[in-house]
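Numbering (the working numbering), first residue to last: 1052 to 1251.
Yeah, the Cβ is synthetic: ideal placement off N, Cα and C, and Gly gets one too.
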(Lines of atoms letter the chains of each structure in order from A and count residues from 1; the text may use other names and numbers.)
(Lines give C-alpha, C1' and ligand atoms only; values in the text may rest on other atoms or scores of the structure.)
Protein backbone atom coordinates (compact mmCIF):
# COMPACT_ATOMS: atom_id res chain seq x y z
CA UNK A 1 0.00 0.00 0.00
CA UNK A 2 2.91 2.39 0.46
CA UNK A 3 3.38 2.48 -3.32
CA UNK A 4 0.10 4.39 -3.62
CA UNK A 5 1.41 7.24 -1.46
CA UNK A 6 3.32 9.82 -3.47
CA UNK A 7 4.48 13.43 -3.50
CA UNK A 8 2.57 15.79 -5.82
CA UNK A 9 4.48 18.81 -7.08
CA UNK A 10 3.64 19.37 -10.80
CA UNK A 11 4.45 22.32 -13.01
CA UNK A 12 1.68 24.93 -12.98
CA UNK A 13 1.16 25.14 -16.73
CA UNK A 14 2.53 25.34 -20.25
CA UNK A 15 4.77 28.33 -21.04
CA UNK A 16 3.45 30.01 -24.18
CA UNK A 17 5.14 33.38 -24.76
CA UNK A 18 7.31 35.23 -22.25
CA UNK A 19 5.56 35.23 -18.88
CA UNK A 20 2.25 34.09 -20.38
CA UNK A 21 1.40 30.59 -19.22
CA UNK A 22 -1.57 28.36 -20.03
CA UNK A 23 -2.43 26.85 -16.66
CA UNK A 24 -3.56 23.24 -16.60
CA UNK A 25 -6.72 24.21 -14.73
CA UNK A 26 -7.67 26.59 -17.56
CA UNK A 27 -6.85 23.88 -20.08
CA UNK A 28 -9.21 21.49 -18.27
CA UNK A 29 -12.03 24.06 -18.53
CA UNK A 30 -11.37 24.43 -22.26
CA UNK A 31 -11.37 20.65 -22.74
CA UNK A 32 -14.58 20.33 -20.72
CA UNK A 33 -16.38 22.79 -22.99
CA UNK A 34 -15.02 21.24 -26.21
CA UNK A 35 -15.90 17.69 -25.18
CA UNK A 36 -19.31 18.92 -23.99
CA UNK A 37 -20.01 20.51 -27.38
CA UNK A 38 -19.22 17.25 -29.20
CA UNK A 39 -21.38 15.23 -26.81
CA UNK A 40 -24.33 17.59 -27.27
CA UNK A 41 -23.84 17.50 -31.04
CA UNK A 42 -24.10 13.71 -30.95
CA UNK A 43 -27.20 13.87 -28.73
CA UNK A 44 -28.89 16.39 -31.04
CA UNK A 45 -28.09 14.28 -34.11
CA UNK A 46 -29.47 11.11 -32.50
CA UNK A 47 -32.65 12.88 -31.43
CA UNK A 48 -32.99 14.63 -34.81
CA UNK A 49 -32.80 18.16 -33.38
CA UNK A 50 -31.52 20.82 -35.78
CA UNK A 51 -27.85 21.64 -35.15
CA UNK A 52 -28.66 25.33 -35.64
CA UNK A 53 -29.69 25.31 -31.97
CA UNK A 54 -26.35 23.91 -30.84
CA UNK A 55 -24.08 26.96 -31.19
CA UNK A 56 -26.43 29.29 -29.27
CA UNK A 57 -26.77 26.56 -26.62
CA UNK A 58 -22.98 26.39 -26.37
CA UNK A 59 -22.67 30.18 -25.97
CA UNK A 60 -25.39 30.30 -23.31
CA UNK A 61 -23.78 27.36 -21.51
CA UNK A 62 -20.26 28.84 -21.47
CA UNK A 63 -21.47 32.25 -20.29
CA UNK A 64 -23.88 30.81 -17.70
CA UNK A 65 -21.24 28.41 -16.37
CA UNK A 66 -18.44 30.95 -16.07
CA UNK A 67 -20.58 33.80 -14.70
CA UNK A 68 -22.34 31.45 -12.28
CA UNK A 69 -19.07 29.85 -11.13
CA UNK A 70 -17.43 33.24 -10.56
CA UNK A 71 -20.40 34.83 -8.79
CA UNK A 72 -20.89 31.66 -6.75
CA UNK A 73 -17.31 31.85 -5.52
CA UNK A 74 -17.58 35.54 -4.69
CA UNK A 75 -20.93 35.22 -2.88
CA UNK A 76 -20.12 32.03 -0.97
CA UNK A 77 -16.39 32.37 -0.26
CA UNK A 78 -15.00 35.84 -0.99
CA UNK A 79 -17.82 38.35 -0.49
CA UNK A 80 -15.35 41.00 0.67
CA UNK A 81 -14.47 41.56 -3.01
CA UNK A 82 -17.83 43.28 -3.49
CA UNK A 83 -16.77 46.18 -1.27
CA UNK A 84 -12.96 45.97 -1.47
CA UNK A 85 -12.19 45.23 -5.15
CA UNK A 86 -15.47 45.11 -7.07
CA UNK A 87 -14.09 45.14 -10.63
CA UNK A 88 -11.84 42.14 -9.93
CA UNK A 89 -15.02 40.07 -9.73
CA UNK A 90 -15.46 40.34 -13.51
CA UNK A 91 -11.99 41.31 -14.75
CA UNK A 92 -8.72 39.34 -14.47
CA UNK A 93 -7.08 42.24 -12.63
CA UNK A 94 -6.80 43.36 -9.03
CA UNK A 95 -7.35 47.08 -8.51
CA UNK A 96 -6.78 47.10 -4.75
CA UNK A 97 -3.18 48.39 -4.69
CA UNK A 98 -2.74 49.59 -8.25
CA UNK A 99 -3.55 47.50 -11.30
CA UNK A 100 -2.16 43.96 -11.24
CA UNK A 101 -2.96 41.08 -13.61
CA UNK A 102 -4.15 38.12 -11.54
CA UNK A 103 -6.12 36.01 -13.98
CA UNK A 104 -9.51 34.78 -12.87
CA UNK A 105 -9.13 33.25 -9.44
CA UNK A 106 -11.99 31.53 -7.71
CA UNK A 107 -14.75 29.53 -9.37
CA UNK A 108 -17.40 27.53 -7.48
CA UNK A 109 -19.02 24.47 -9.07
CA UNK A 110 -22.30 25.03 -7.21
CA UNK A 111 -22.39 28.58 -8.58
CA UNK A 112 -21.88 27.09 -12.05
CA UNK A 113 -24.80 24.70 -11.46
CA UNK A 114 -27.09 27.59 -10.52
CA UNK A 115 -25.79 29.58 -13.50
CA UNK A 116 -26.49 26.72 -15.92
CA UNK A 117 -30.07 26.34 -14.69
CA UNK A 118 -30.70 30.08 -15.11
CA UNK A 119 -28.87 30.10 -18.46
CA UNK A 120 -30.95 27.22 -19.82
CA UNK A 121 -34.14 28.96 -18.70
CA UNK A 122 -33.06 32.08 -20.63
CA UNK A 123 -32.00 29.97 -23.62
CA UNK A 124 -35.39 28.23 -23.66
CA UNK A 125 -37.20 31.58 -23.68
CA UNK A 126 -35.52 32.40 -26.99
CA UNK A 127 -35.36 28.91 -28.55
CA UNK A 128 -38.63 27.09 -27.94
CA UNK A 129 -37.97 23.77 -29.68
CA UNK A 130 -38.00 21.70 -26.44
CA UNK A 131 -38.76 22.20 -22.74
CA UNK A 132 -36.22 23.40 -20.18
CA UNK A 133 -36.38 19.99 -18.50
CA UNK A 134 -35.59 18.26 -21.82
CA UNK A 135 -32.57 20.53 -22.35
CA UNK A 136 -31.29 20.15 -18.78
CA UNK A 137 -31.78 16.38 -18.99
CA UNK A 138 -29.46 16.22 -22.00
CA UNK A 139 -27.01 18.70 -20.47
CA UNK A 140 -26.40 16.42 -17.48
CA UNK A 141 -24.14 14.13 -19.51
CA UNK A 142 -21.59 16.72 -20.73
CA UNK A 143 -21.79 18.63 -17.42
CA UNK A 144 -20.89 15.48 -15.46
CA UNK A 145 -17.99 14.70 -17.79
CA UNK A 146 -16.91 18.34 -17.62
CA UNK A 147 -16.91 18.12 -13.83
CA UNK A 148 -14.38 15.27 -14.06
CA UNK A 149 -12.07 17.50 -16.14
CA UNK A 150 -12.45 20.32 -13.60
CA UNK A 151 -11.59 18.00 -10.69
CA UNK A 152 -8.51 16.82 -12.58
CA UNK A 153 -7.59 20.50 -12.92
CA UNK A 154 -8.13 20.95 -9.17
CA UNK A 155 -5.80 18.01 -8.51
CA UNK A 156 -3.11 19.40 -10.80
CA UNK A 157 -3.41 22.78 -9.03
CA UNK A 158 -3.24 21.09 -5.59
CA UNK A 159 -6.67 22.50 -4.68
CA UNK A 160 -9.48 21.08 -2.55
CA UNK A 161 -7.07 18.87 -0.65
CA UNK A 162 -8.34 16.69 2.15
CA UNK A 163 -7.28 16.20 5.73
CA UNK A 164 -4.11 14.42 6.83
CA UNK A 165 -4.62 10.66 6.57
CA UNK A 166 -2.98 7.36 7.47
CA UNK A 167 -4.61 5.75 4.43
CA UNK A 168 -2.48 4.05 1.81
CA UNK A 169 -4.13 6.27 -0.82
CA UNK A 170 -2.81 9.58 0.48
CA UNK A 171 -0.86 12.19 -1.46
CA UNK A 172 1.66 14.71 -0.16
CA UNK A 173 0.64 18.00 -1.81
CA UNK A 174 3.78 20.11 -1.94
CA UNK A 175 2.99 22.98 -4.32
CA UNK A 176 1.39 26.18 -3.06
CA UNK A 177 1.11 24.84 0.48
CA UNK A 178 4.60 25.22 1.88
CA UNK A 179 7.62 27.43 1.43
CA UNK A 180 10.78 25.95 -0.10
CA UNK A 181 12.29 25.23 3.32
CA UNK A 182 9.26 23.37 4.63
CA UNK A 183 8.94 21.12 1.55
CA UNK A 184 11.86 18.96 2.62
CA UNK A 185 10.44 18.44 6.12
CA UNK A 186 7.83 15.67 6.28
CA UNK A 187 6.41 17.19 9.46
CA UNK A 188 5.14 20.15 7.41
CA UNK A 189 3.95 18.19 4.37
CA UNK A 190 1.62 15.52 5.70
CA UNK A 191 0.01 12.89 3.48
CA UNK A 192 -3.59 13.84 2.70
CA UNK A 193 -6.74 12.42 1.15
CA UNK A 194 -7.25 13.06 -2.56
CA UNK A 195 -10.67 14.74 -2.45
CA UNK A 196 -10.58 15.48 -6.19
CA UNK A 197 -10.39 11.77 -7.01
CA UNK A 198 -13.36 11.04 -4.77
CA UNK A 199 -15.34 13.91 -6.35
CA UNK A 200 -14.47 12.91 -9.93
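Item checked: Helix, strand or coil at residue 1183 [DSSP, three-state] -> In the structure shown, residue 1183 falls within a helical segment according to DSSP collapsed to helix, strand and coil.
- Query: What alpha helix (DSSP H) runs, 4 residues minimum, are completely inside the stretch 1083–1157?
  - Reply: Runs of the alpha helix (DSSP H) inside the stretch 1083–1157: 1105–1128, 1131–1135.
Three CB pairs or more closer than 8 angstroms across the stretch 1151–1158 and the stretch 1172–1183
With the rule of 3 Cβ pairs closer than 8 angstroms, the stretch 1151–1158 does not count as touching the stretch 1172–1183.
Checklist entry - Tell me, which residues are paired with residue 1059 by DSSP? => result 1224, per the DSSP bridge assignment.
First through last residue of the alpha helix (DSSP H) which encompasses residue 1072:
Residue 1072: not part of any alpha helix (DSSP H); member of the beta strand (DSSP E) spanning 1071–1074, first to last residue.
Given a threshold of 16 other Cβ atoms within 10 Å of its Cβ, counted over all protein chains shown, does residue 1128 qualify as buried or as exposed?
Exposed is the call here.
- Should the stretch 1075–1086 be regarded as contacting the stretch 1199–1209, the criterion being three or more beta carbon pairs within less than 8 angstroms? Yes, the stretch 1075–1086 touches the stretch 1199–1209.
| Between residue 1142 and residue 1089, what straight-line distance do the alpha-carbon atoms span, to the nearest angstrom? | Residue 1142 and residue 1089 have their C-alpha atoms roughly 29 angstroms apart.
| said: Which of the three DSSP states is assigned to residue 1170 in this structure? | reply: Looking at residue 1170 - three-state DSSP - the assignment turns out to be helix.
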